[in-house]
Amino acid sequence: MTDNHRIVLITGANKGIGLATARELARAGHTVLIGARDPERGAEAATGLTTEGLEARFVHLDVTDPATVAAAAELIAAEYGRLDTLVNNAGITRDFGHTPETLPLDDLRATYETNVFGAVTVINAMLPLLRKSPAGLIGNVSSGLGSSSVLADPDHPAGEYAALLGYNTSKAALNAVTLVYARALRAEGIKVSALEPGHCATDLNHHSGPSSVEEGGRRIAQQLGEALSEPSGQFFHPDGGRYPW
Ligand SMILES: NC(=O)c1ccc[n+]([C@@H]2O[C@H](COP(=O)([O-])OP(=O)(O)OC[C@H]3O[C@@H](n4cnc5c(N)ncnc54)[C@H](OP(=O)(O)O)[C@@H]3O)[C@@H](O)[C@H]2O)c1
Numbered sequence: 003m004t005d006n007h008r009i010v011l012i013t014g015a016n017k018g019i020g021l022a023t024a025r026e027l028a029r030a031g032h033t034v035l036i037g038a039r040d041p042e043r044g045a046e047a048a049t050g051l052t053t054e055g056l057e058a059r060f061v062h063l064d065v066t067d068p069a070t071v072a073a074a075a076e077l078i079a080a081e082y083g084r085l086d087t088l089v090n091n092a093g094i095t096r097d098f099g100h101t102p103e104t105l106p107l108d109d110l111r112a113t114y115e116t117n118v119f120g121a122v123t124v125i126n127a128m129l130p131l132l133r134k135s136p137a138g139l140i141g142n143v144s145s146g147l148g149s150s151s152v153l154a155d156p157d158h159p160a161g162e163y164a165a166l167l168g169y170n171t172s173k174a175a176l177n178a179v180t181l182v183y184a185r186a187l188r189a190e191g192i193k194v195s196a197l198e199p200g201h202c203a204t205d206l207n208h209h210s211g212p213s214s215v216e217e218g219g220r221r222i223a224q225q226l227g228e229a230l231s232e233p234s235g236q237f238f239h240p241d242g243g244r245y246p247w
């Protein structure tokens, strides 16, 4: 174990970009905790990594169920005594097939429960463990579609997806959550930034993205590295650089 070895919890890590990020970070020598709401899918994902010789472990966690999040924090405290990096990756959309006018309010609420309130639930539960790290880091997996500057630009190439009421506004809220915690935790040295994997083909978007999950995972891992060495409160762009908020 080196000084650079980190204990990393990734929510929604049983598939997609979360799992690809886990594999990338485990290959870099870190211990990854595969946060997943379904025990079978979570255990299978963790076993997939351990059979590759990587250090990974399934942690049961539904971000919309505070009891599972509290139990996950207890388990991490007992087994590891600290958490170095929290990646709030779990995310959903229920917008496809709807306009802002037709999206049922329950679907809008459910999107916020996962993408916004879920992230806040996990942050608050893990903060005592992040405080035990010499360099605590929170990465919130956002989207360029949560950038108010992108949404305000009628000519932006992402405009095709600008009408996703639940997804885009929940990621905009997550961006604000990022900035609020970045400020609140600055004096304690815990850094908080928003991350962006790029448009990747996953279940979330019916495999429409041009990038692979492996590319997305590599970008998130790279951004986490930069987030550690740069000032808190960044919004990373998948091409390098930064997104406008
Ligand atoms: N794909 C893209 O192009 C893209 C671009 C920008 C940002 N992102 C963001 O990247 C993140 C990962 O998305 P993805 O594209 O990899 O989608 P995905 O393949 O659908 O994966 C989403 C993950 O979140 C988990 N999840 C959903 N609700 C959860 C809950 N309540 N508790 C715990 N886990 C939960 C899912 O678990 P189950 O298997 O149990 O459903 C799954 O593991 C999301 O935050 C997304 O907004 C994606």
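With the numbering used here as the guide, the letters of the sequence shown map in order to residues 3 to 247.
Glycine included, every Cβ here is placed at the ideal spot set by N, Cα and C.
Tell me, please, whether the segment 225-245 touches the segment 190-199 by the rule of three or more beta-carbon pairs shorter than 8 Å. The segment 225-245 is in contact with the segment 190-199.
Using the rule of at least 16 other Cβ atoms within 10 Å of the residue's Cβ for burial, across every protein chain shown, is V182 buried or exposed? As a first step, residue 182 must be located in the sequence shown, where it is residue number 180. V182 is exposed by the Cβ-count criterion.
For ligand 1, I want to know if L105 counts as a neighbour, meaning its beta carbon is within less than 6 Å of at least one of the ligand's heavy atoms.
Here residue 105 refers to the residue found at position 103 of the sequence shown. L105: no, Cβ never under 6 Å from ligand 1.
For the putative contact between G1 and L11, defined by C-beta atoms under 8 Å, what is the C-beta separation to the nearest angstrom?
-> As displayed, the chain neither begins before 3 nor continues past 247, which places residue 1 out of reach and without an answer.
Query raised in the report: Based on the DSSP secondary-structure assignment, which residues constitute the bridge partners of G141?
Result: Numbered from its first residue, the sequence shown carries residue 141 at position 139. Answer is V89 and S195, bridged to G141.
One or two residues paired with I125 in a DSSP bridge = Start at 1 with the first residue of the sequence shown, and residue 125 comes out as number 123. According to DSSP, I125 bridges with nothing at all.
Identify whether I9 lies in helix, strand or coil by the three-state DSSP scheme.
Mapped onto the sequence shown, residue 9 falls at position 7. Three-state result, I9: strand.
Quiz item: Would DSSP call I78 helix, strand or coil?
Solution: For the purposes of this step, residue 78 is taken as the residue at position 76 of the sequence shown. Judged by DSSP in its simplified three-state form, I78 adopts helix.
TODO: Let me know the alpha helix (DSSP H) ranges lying completely inside the segment 10-86, each 4 residues or longer, listed in chain order.
DONE: 18-29, 41-52 and 68-81
For L107, count the other beta carbons within 10 Å of its own beta carbon; 16 or more makes it buried, fewer makes it exposed. Which is it? Mapped onto the sequence shown, residue 107 falls at position 105. Exposed: under 16 other Cβ atoms inside 10 Å.
Residues near R221 in its chain [Cβ-Cβ closer than 7 Å; skip 5 each side] | Taking the first residue of the sequence shown as 1, we reach residue 221 at position 219. For R221, the CB contacts under 7 Å within the same chain, skipping 5 residues up- and downstream, are P199, G200 and P240 in chain order.
(message) If you measure between the beta carbons of L176 and A164, is that distance less than 7 Å?
(response) Position 174 of the sequence shown holds residue 176. Position 162 of the sequence shown holds residue 164. In this structure, A164 does not lie closer than 7 Å to L176 by Cβ.
On the three-pair Cβ rule with 8 Å, is the segment 13-20 touching the segment 71-91?
Using a C-beta cut-off of 8 Å, the segment 13-20 makes contact with the segment 71-91, since at least three inter-stretch Cβ pairs fall below that distance.
According to DSSP, is H100 part of a helix, a strand, or is it coil? The residue given as residue 100 occupies position 98 in the sequence shown. Three-state DSSP puts H100 in coil, outside helix and strand.
- [ ] Could you name the residues of the same chain whose beta carbon sits closer than 7 Å to that of G120, not counting the 5 residues immediately before and after it, in chain order?
- [x] Locating residue 120 in the sequence shown gives position 118, counting from the first residue. Hits under 7 Å: V65, T66 and A92.
TODO: Could you have a look at M3 and say whether DSSP puts it in helix, strand or coil?
DONE: Counting from one through the sequence shown, the residue named residue 3 turns up at place 1. Here the model assigns M3 a pLDDT of 41, short of 50, so the residue's position is not dependable, and the following value carries that caveat. The answer is coil: DSSP assigns M3 none of H, G, I, E or B.
| message | Below 6 Å, is the gap between the Cβ of I9 and the nearest heavy atom of ligand 1? | response | In the sequence shown, counting from the first residue as 1, residue 9 sits at position 7. For ligand 1, not one heavy atom lies less than 6 Å from the Cβ of I9.
Whole-angstrom distance between T53 and T116, CA atom to CA atom: Within the sequence shown, the letter at position 114 stands for residue 116. Within the sequence shown, the letter at position 51 stands for residue 53. Rounded to the nearest angstrom, the two C-alpha atoms are 30 Å apart.
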